[in-house]
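Rendered as structure tokens:
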């Protein structure tokens with residue numbers, strides 16, 4: 010009489026295949042998860058970017074908006090949005106710097122700077138980040154990060 014079903018060897022082969030596939034998928038998922046957190050953190054800074062742009066429009070210059078005592082800008086004190094551990098407004102160029110709770114490739118906290126670039130009719134934002142590496146693909150966890158790096 011013939012028994013139907015799978016042998017132990019066949020089941021072990023299936024388990025080995027599943028283990029191999031999941032081992033290959035984990036790094037991909039981890040990278041995807043990190044990029045999603047970074048995207049969420051950058052999106053949470055949009056309101057502050059709008060406040061800085063409004064201040065520049067009302068005051069007529071970036072330098073007038075570069076200090077935290079301006080009544081147009083929000084106070085950059087805790088609690089910060091999710092995935093952000095620190096926010097600062099730097100220099101006379103109104104650079105918004107965010108330190109994220111996400112680690113870069115070298116296990117350091119990722120830092121991102123949003124720099125207003127004034128043109129005649131608009132304000133564009135350049136993004137600089139501490140993990141930029143042109144030799145890597147993608148070069149940064151931050152989408153649209155420019156080649157200038159922070160250290």
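Numbering (my numbering), first residue to last: 10 to 160. No residue lacks a Cβ here, since even glycine has one placed at the ideal position from N, Cα and C. Every value quoted in this text rests on a predicted model; they were computed, and no experiment measured them.
Mind checking who residue i pairs with in its DSSP beta bridge?
| i | result |
| --- | --- |
| residue 125 | 134 |
| residue 61 | None, per the DSSP bridge assignment. |
| residue 95 | 108 |
| residue 43 | DSSP lists no partner for residue 43. |
| residue 56 | Beta-bridge pairing links residue 56 to no other residue. |
| residue 118 | 112 |
In angstroms, rounded to a whole number, what distance separates the CA positions of residue i and residue j?
| i | j | result |
| --- | --- | --- |
| residue 103 | residue 33 | 43 angstroms |
| residue 87 | residue 35 | 33 angstroms |
| residue 59 | residue 66 | 10 angstroms |
Please classify residue i as buried or exposed, where buried requires at least 16 neighbouring CB atoms within 10 angstroms.
| i | result |
| --- | --- |
| residue 54 | buried |
| residue 125 | buried |
| residue 51 | buried |
| residue 24 | exposed |
| residue 71 | buried |
| residue 149 | buried |
| residue 75 | buried |
| residue 122 | buried |
| residue 22 | exposed |
Thinking residue i and residue j are a contact (beta carbons under 8 angstroms), I'd like their distance in whole angstroms, please.
| i | j | result |
| --- | --- | --- |
| residue 85 | residue 99 | At roughly 11 angstroms, the Cβ-Cβ gap does not stay under 8 angstroms, so residue 85 and residue 99 are not in contact. |
| residue 119 | residue 112 | 7 angstroms |
| residue 91 | residue 42 | Contact flag wrong, Cβ pair sits at about 14 angstroms. |
| residue 183 | residue 132 | Look at the range of the chain in this structure, 10 to 160, and you will see that residue 183 is not part of it. |
Measure from the alpha carbon of residue i to the alpha carbon of each residue in the options, then state which is nearest.
| i | options | result |
| --- | --- | --- |
| residue 117 | 140, 107 and 153 | 140 |
| residue 138 | 131, 129, 128 and 105 | 105 |
| residue 110 | 46, 31, 23 and 70 | 46 |
| residue 108 | 101, 93 and 114 | 93 |
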